[in-house]
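So the structure is just underneath, and the comments pick up after that.
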Amino acid sequence: KVSAEPAPIRRLEESLVNRIAAGEIIHRPASALKELIENCLDAGATSIRITVKDGGMKLLQIQDNGCGIKKTDLPILAQRFTTSKLSTFSDLAKLTTYGFRGEALASISHVANLTVVTKTKKDTCAWKACYVDGDLAPSKPGVTADPKPTAGNDGTLITVENLFYNTPTRLSALRSSSEEYARILDVVTKYAVHNAGVSFICKKAGSSTPDLSTPSSSTTQQAIRLLYGQNVAKDLLNVEVSSSKKGKRKRKSSDDLDDEDLEDATSEQWKADAHFTNANYHSKKMVFLLFINHRLVESSRIKRAIESIYTTILPKGSSPFVYLSLQLDPSIVDVNVHPTKREVHFLDEESITECIADQIQAALARIGERVFEYQTL
Ligand code: ADP
Ligand code: MG
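All residue numbers for the sequence shown refer to the UniProt record's numbering, where the first residue is 13 and numbers rise by one.
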């Protein structure tokens, strides 16, 4: 088709740009909740209580007992790129907190009604603020947008209502509320395993019994037992691997790179803590929890490497449970790779993965030997 006249190029309205950007970070209720949980943990919370209505589409509420937010910070809280966690580009390389670029609350405010009630230890009362499109907004017509004093506990209560009310296509792409709720529970479950010292509660609004409840200060094993069941817990092995213990890593001699420089540049500061089932356990689908520097992420490479260990020891078509927490020197992780921060990349991925997989395999083999000896006696 030959078109006579090209369409004029126009600048999109800022609110539309922000709404599009927000949709890239907040895919569904569970991804909003992941950001909110990370904020609570960054704030030092030891108790996180989540309430959900209609799969999180009507209501997503999260109460923590963390440090709270200063009243003077409330006006810019939900603006894009406002954060307490990063100030220079080089800070990205030493990041220890989950958040880093102040986009989560801003994004949520562009696709939902956001209300914050927060109290620091020093405050004599809590402060409540409502946000629309990044800025403070009146909670109802005729009142000012300023934060209002209110009753509240130390910590922060974030309420997200009517998610995607202004992005109908996103809303219609969501599954049923029970499926969205299942995804929410999955995220909470994984964070509860990884933060066994923090109490998590997740329930549907109006229900008196939580669907998930963990005490504060359990061990990882206890948390796995509670959340994934005795079947997983009774067949669980644990290995800890770290680069410092093993000294400098071996490099393939065929590797013609400038070894000296590479060794120095990465200096291999990493450690891994893996909890995984032995050959007695099998499930249809692999349960794989991967945290890199305390962030729930995905890595098909690491998953495949671990899966392949089990192909020789599990019956065909069955899979293990694996929880792997990997801590890498922040300078070798590129967290800035994807808006959702889900896909994380790091230097030396291959050799680190290989090293961890080897240790898991060795532990599984040791168990296998013992069982075998016993059976042949
Ligand atoms: P980021 O986490 O990347 O900084 P967010 O938009 O998630 O960006 O949060 C912006 C800021 O709001 C944070 O840097 C933090 O100072 C504050 N904040 C958000 N949630 C909480 C919370 N639950 N408790 C205390 N402070 C919070
Ligand atoms: Mg954040």
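Built from N, CA and C at the ideal position, the CB exists for glycine as well.
Predicted, not measured: the structure shown is a model, and the values here were computed from it.
Quiz item: Under the three-state reduction of DSSP, which class applies to T201: helix, strand or coil?
Solution: Note: T201 maps to helix in three-state DSSP.
Self-check item: Whole-angstrom C-beta distance between V199 and F212, which should lie under 8 Å
Solution: Between F212 and V199 a beta carbon distance of about 10 Å is seen, past the 8 Å cut, so the two are scored as non-contacting.
Quiz item: So, are the CB atoms of A138 and L148 less than 9 Å apart?
Solution: No, they are not a contact pair.
Practice problem: Label Q242 either buried or exposed according to how many other C-beta atoms from any shown protein chain fall within 10 Å of its C-beta, with 16 as the threshold for buried. | Solution: Exposed, since its Cβ has fewer than 16 Cβ neighbours within 10 Å.
Practice problem: With a floor of 4 residues, list each alpha helix (DSSP H) that falls wholly inside the region 23-78, ordered by position along the chain. | Solution: Runs found: 26-37 and 41-54.
Quiz prompt | Spatial distance of E47 from G35 (CA atoms) | solution = Spanning the two alpha carbons is a distance of roughly 14 Å.
Exercise. Under the assumption that N250 contacts H306 (Cβ atoms under 8 Å), give the Cβ distance between them as a whole number of angstroms.
Key: Their Cβ separation, rounded to whole angstroms, is 18 Å, which puts N250 and H306 out of contact at 8 Å.
Quiz item: Where does D370 fall in DSSP's three states?
Solution: Helix, per DSSP.
Practice problem: State yes or no: is the C-beta of L301 within less than 9 Å of the C-beta of L336? | Solution: Here L301 is near L336, since their CB atoms are less than 9 Å apart.
Exercise. May I ask you to check if the CB of L89 is nearer than 8 Å to at least one heavy atom of the ligand ADP?
Key: L89 Cβ: within cutoff of the ligand ADP.
Quiz item: Does DSSP put Q234 in a helix, in a strand, or in coil?
Solution: Here DSSP, grouped into helix, strand and coil, assigns Q234 to helix.
Quiz item: Can you tell which of G68, I38, G67 and I81 has its C-alpha closest to the C-alpha of A57?
Solution: Of the listed residues, the one whose Cα sits closest to A57 is I81.
Exercise. Could you pull the start and end residues of the alpha helix (DSSP H) that Y322 belongs to?
Key: In this chain, the alpha helix (DSSP H) harbouring Y322 covers S312 to T323.
Quiz item: Should A374 be counted as a contact of the ligand ADP given a C-beta to heavy atom distance under 8 Å?
Solution: No, the beta carbon of A374 sits no closer than 8 Å to any heavy atom of the ligand ADP.
Quiz prompt | Strand pairing of L340, partner residues [DSSP] | solution = Listed as beta-bridge partners of L340 by DSSP are W282.
Quiz prompt | contact_flag[the region 88-96, the region 180-199] where n(CB pairs < 8 Å) is 3 or more | solution = Taking 8 Å as the limit for Cβ pairs, the verdict is that the region 180-199 does not touch the region 88-96.
Quiz item: So, is E115 buried or exposed, given that buried needs 16 or more other C-beta atoms within 10 angstroms?
Solution: A residue is called buried once 16 or more other Cβ atoms fall within 10 Å of its Cβ, and E115 is buried on that count.
Self-check item: The beta strand (DSSP E) enclosing T171, as first and last residue numbers
Solution: For T171, the enclosing beta strand (DSSP E) begins and ends at G167 to E173.
Exercise. Name the residue from V205, L183 and T323 whose alpha carbon lies nearest to the alpha carbon of A235.
Key: Of the candidates V205, L183 and T323, V205 places its Cα closest to the Cα of A235.
Self-check item: Cβ distance (whole Å) where I344 is taken to contact V253 below 8 Å
Solution: Cβ atoms of I344 and V253 stay farther apart than 8 Å, at about 16 Å.
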